[in-house]
Amino acid sequence: MELFVLGIQNVFQPTCLILIFLGTFFGIIFGAIPGLTATMGVALLIPFTFTMSAIEGTALLIGVFIGGISGGLISASLLRMPGTPSSVATTFDAYPMVKNGQAGLALGIGIFSSVFGGIVTSFGLALIAPQVVKIALKFGYFEYFSLGIFALTIVVTLAKGTMIKGLLAACFGLLFSFFGAAPVDMTYRFTFGLNSMKGGFSLLPVLIGLFAISQIMTEILNPSEVLVPKVDTKNILPPLSIFTKDWKNLIRSTLIGFFIGILPGIGSATSNIVAYGQAKQNSNHPEKFGTGYAPGIIASEASNNATTGGALIPLITMGIPGDGVTAIMLGGLMIHGLHPGPLLFQYNPDLVNSIFVSVFLANIFMFIIMIVGIRFLILVLKTPKKYLLPVILILCIVGAFALNNRMFDVWSLFLFGIIGFMLEKLKFPLTPLILGIVLGPIIEINIRQGLMASSGSFLPIFTRPISLVFIILSVLSVILPIYLEKKKKMIFQP
Amino acid sequence: MSFLSKNKIISIFILIIATFLLYTNEQLKVTNYDLLGSKFFPRIVCLFIIILGIALFFSKNERTKDKETEAKYSYYSVFFFLVVSLFYLLALDYDLGFLISSIIYVFILTLMLNKFRFKDFLKIAFFSFFSCYIIYAFFQNILKLMLP
Chain A
5 MELFVLGIQN
15 VFQPTCLILI
25 FLGTFFGIIF
35 GAIPGLTATM
45 GVALLIPFTF
55 TMSAIEGTAL
65 LIGVFIGGIS
75 GGLISASLLR
85 MPGTPSSVAT
95 TFDAYPMVKN
105 GQAGLALGIG
115 IFSSVFGGIV
125 TSFGLALIAP
135 QVVKIALKFG
145 YFEYFSLGIF
155 ALTIVVTLAK
165 GTMIKGLLAA
175 CFGLLFSFFG
185 AAPVDMTYRF
195 TFGLNSMKGG
205 FSLLPVLIGL
215 FAISQIMTEI
225 LNPSEVLVPK
235 VDTKNILPPL
245 SIFTKDWKNL
255 IRSTLIGFFI
265 GILPGIGSAT
275 SNIVAYGQAK
285 QNSNHPEKFG
295 TGYAPGIIAS
305 EASNNATTGG
315 ALIPLITMGI
325 PGDGVTAIML
335 GGLMIHGLHP
345 GPLLFQYNPD
355 LVNSIFVSVF
365 LANIFMFIIM
375 IVGIRFLILV
385 LKTPKKYLLP
395 VILILCIVGA
405 FALNNRMFDV
415 WSLFLFGIIG
425 FMLEKLKFPL
435 TPLILGIVLG
445 PIIEINIRQG
455 LMASSGSFLP
465 IFTRPISLVF
475 IILSVLSVIL
485 PIYLEKKKKM
495 IFQP
Chain B
20 MSFLSKNKII
30 SIFILIIATF
40 LLYTNEQLKV
50 TNYDLLGSKF
60 FPRIVCLFII
70 ILGIALFFSK
80 NERTKDKETE
90 AKYSYYSVFF
100 FLVVSLFYLL
110 ALDYDLGFLI
120 SSIIYVFILT
130 LMLNKFRFKD
140 FLKIAFFSFF
150 SCYIIYAFFQ
160 NILKLMLP
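Protein chains in written order, with my numbering: chain A, 5 to 498; chain B, 20 to 167.
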């Protein structure tokens, strides 16, 4: 308890508070612009932390992390262009809600859900980090493989109504993830003789292309001069009843985000889609998802912010980054002479507790900045398209190039923009494709390495308890929606 | 009624792509480093796509809720956008310079979105120059990010 009070004392210094605030603000801007990410924001600010103390530097980076994940909500809702991979599922319901003239409400629901997810997991981080990590330590190759399979079965829920096309999209997503150097033996697949293809497709240009570029092309088709003709700037604060009625979804999505965040290598790109799929599957009104339905926004935003807290757990407790952002933060900590892991708790307990408090405060600042900024953000919708779209396009191109400093990513951006545009015109869902691209490497790497470790035996998939649980969940995830759909049709048939 | 419905055309296209990729995959020379190898997953996925493609061939077209009656003009706009973007990417690839290329690109796109009304020429030129310059200055000089 004394150490926790020490952490509060360390963080509640004027300099530290200002740094968390600025970091969060900077992160929100980075998260809101398609192409720029929290990872990039953290990487850019690390040099600025050289002259700061370890606590101040870490607090700044945590602010950027949380701001960056939360900022994706803005472009996902207003433009249907997810600012970060963690906001893909937010576009499904937030954007239709904006199109219905309820921009303020969409943003408000997203902000409150984000804060809830972030704050709950900041408590989780502080109270149960060392205990929870024991479960994460039991995850081996087969557990990750089974988790990947389970996450992939979400496609069945998301693609209801267009099952064949949804499964096709997921398969193409998996196929695109196989382009380039294969894991384990580095065989070059589908490079077609091009050197630039050897690295494969990066997720970010693919994501921005599929959503942002294709959306720009769709808006070009739309004769309207602005993105949304009617914008409501009055109803910003969502009624509490939206959350109290949907408390199960809120808590479930937070827990999904938190636990997925703990598992290194998965990240919020997966958690928001998994949480959305689970919310739809467990809802009494699954048909309303995708039409501007509040629970859809709640699921996505609560889970992606919850992932931030979860991702910090393996970083602090084991020195293993939970995702790309925490990988960069690991570098930041090491620059200050700190080595995350069990010894960090022993030798730097003040820093560890300061991290817990910083996460909590960053979420509070994120809430304040976003709530105050909503009215200004909504003004973006009133900007004529002829000025807005070209600027967004240039920012997307800059963001795609900044990732790896290669023009191939910019070409990929437009290639997938065309693919996304055509898929939407042909009524193919985009999310399964994203899911396939994200999960393909996870599934392949882990099963191949797992089989090497088990001398070619597939048995551990079924004999290891955690893996077996995910396999059972995968089967249920596929069979249940189909069974319930058939049962519903039988009930309503005359 | 045409024999080839939308889904049938799409499925033929998908089957051609999947077969081509499967063939490309099978030409790979791989070592037997692990049990599955690097050809296994692409092979499985390609076969799945072929099966699903055949299923799509025999499936009914989805009912559209409303008729999509976009003017022919709009698709020409999309085509124009793609052509201009191609030239822009080539300009970036061949080192014309980010700032110059982007100013021209934004100018043309804004003009297109303004339905080529030249009475706003000066406003659009002004906007193109300053928006690109601000982006360039922010990323190059403040954030120190490399630009294309």
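No residue lacks a Cβ here, since even glycine has one placed at the ideal position from N, Cα and C.
- Under the Cβ criterion (8 Å, minimum of three pairs), the stretch 350 to 370 of chain A does not count as touching the stretch 94 to 103 of chain B.
- Its chain contains 65, 68, 69, 72 as the residues whose beta carbon lies nearer than 7 Å to that of residue 37 of chain B, once the 5 sequence neighbours on both sides are disregarded; these appear in chain order.
- Around the beta carbon of residue 174 of chain A, 16 or more other beta carbons sit within 10 angstroms, so the residue counts as buried.
- From the beta-carbon of residue 53 of chain B, the residues of chain A found nearer than 7 Å are 188, 452, 455, 456.
- The continuous alpha helix (DSSP H) containing residue 308 of chain A extends over residues 298 to 322.
- Of all residues in the stretch 392 to 424 of chain A, the ones placed with a Cβ closer than 8 Å to any Cβ belonging to chain B are 393, 394, 395, 397, 398, 399, 401, 402, 405, 406, 409, 411, 414, 415, 418, 422, in chain order.
- Listed in chain order, the positions of the stretch 183 to 209 of chain A with a beta carbon within less than 7 Å of a beta carbon of chain B are 186, 188, 189, 191, 193, 194.
- With 16 or more other Cβ atoms from the protein chains shown falling within 10 Å of its own Cβ, residue 319 of chain A counts as buried.
- At a cut-off of 8 Å between beta carbons, residue 114 of chain B makes no contact with chain A.
- Between the alpha carbons of residue 404 of chain A and residue 227 of chain A lies a gap of roughly 28 Å.
- When C-alpha distances from residue 100 of chain B are compared across A:432, A:467, A:425, the shortest belongs to A:425.
- Remark: C-beta atoms of residue 102 of chain A and residue 81 of chain A approach each other more closely than 8 Å.
- Per DSSP, residue 468 of chain A is not a residue of any alpha helix (DSSP H), being assigned neither H nor E.
- With a cut-off of 8 Å on Cβ pairs, the stretch 299 to 317 of chain A is in contact with the stretch 251 to 268 of chain A, counting three or more such pairs.
- Neighbours of residue 43 of chain B in chain A, taken as residues whose beta carbon is under 7 Å from its own, are 194 in chain order.
- Residue 127 of chain A and residue 490 of chain A have their C-alpha atoms spaced approximately 42 Å apart.
- The count of Cβ pairs closer than 8 Å, one atom from the stretch 273 to 288 of chain A and one from the stretch 81 to 98 of chain A, reaches three, so the stretches are in contact.
- Taking a beta-carbon distance threshold of 8 Å, residue 106 of chain B does not count as an interface residue toward chain A.
- Non-local beta-carbon contacts of residue 157 of chain A in its own chain, meaning distances under 6 Å to residues more than five positions away in sequence, involve 478, 481, 482 in chain order.
- Residue contact check for residue 38 of chain B against chain A: no CB pair falls below 8 Å.
- The Cβ of residue 460 of chain A sits closer than 8 Å to at least one Cβ of chain B.
- The beta-carbon of residue 144 of chain B is placed no less than 8 Å from the nearest beta-carbon of chain A.
- The continuous alpha helix (DSSP H) containing residue 413 of chain A extends over residues 411 to 429.
- Put simply, the CB of residue 35 of chain B is far from chain A, with every gap to its CB atoms at 8 Å or more.
- Scanning its chain for C-beta atoms nearer than 6 Å, with the 5 sequence neighbours on each side dropped, one finds around residue 65 of chain A the residues 46, 333, 336, in chain order.
- For residue 133 of chain B, the C-beta contacts it makes with chain A under 7 Å involve 390, in order along the chain.
- With 16 or more other Cβ atoms inside 10 Å of its own Cβ, residue 121 of chain B counts as buried.
- Judged by their CB atoms, residue 67 of chain A and residue 31 of chain A are nearer to each other than the 8 Å cut-off.
- In the pairwise beta carbon analysis, the stretch 100 to 111 of chain B is classified as not touching the stretch 366 to 381 of chain A: fewer than three pairs are separated by under 8 Å.
- Within the stretch 85 to 133 of chain A, the runs of alpha helix (DSSP H) at least 4 residues long that lie entirely inside it are, in chain order, 94 to 103.
- With contacts defined by Cβ atoms closer than 8 Å, residue 200 of chain A and residue 412 of chain A form a contacting pair.
- Taking the beta carbon of residue 48 of chain A as reference, the chain B residues within 9 Å of it are 162, 163, 164, listed in sequence order.
- DSSP places residue 456 of chain A in the uninterrupted alpha helix (DSSP H) bounded by 435 to 457.
- Using a Cβ distance threshold of 8 Å, residue 150 of chain A and residue 475 of chain A count as a contacting pair.
- For residue 109 of chain B, the closest Cβ of chain A is not nearer than 8 Å.
- As the crow flies, the alpha-carbon of residue 271 of chain A is around 7 Å from that of residue 326 of chain A.
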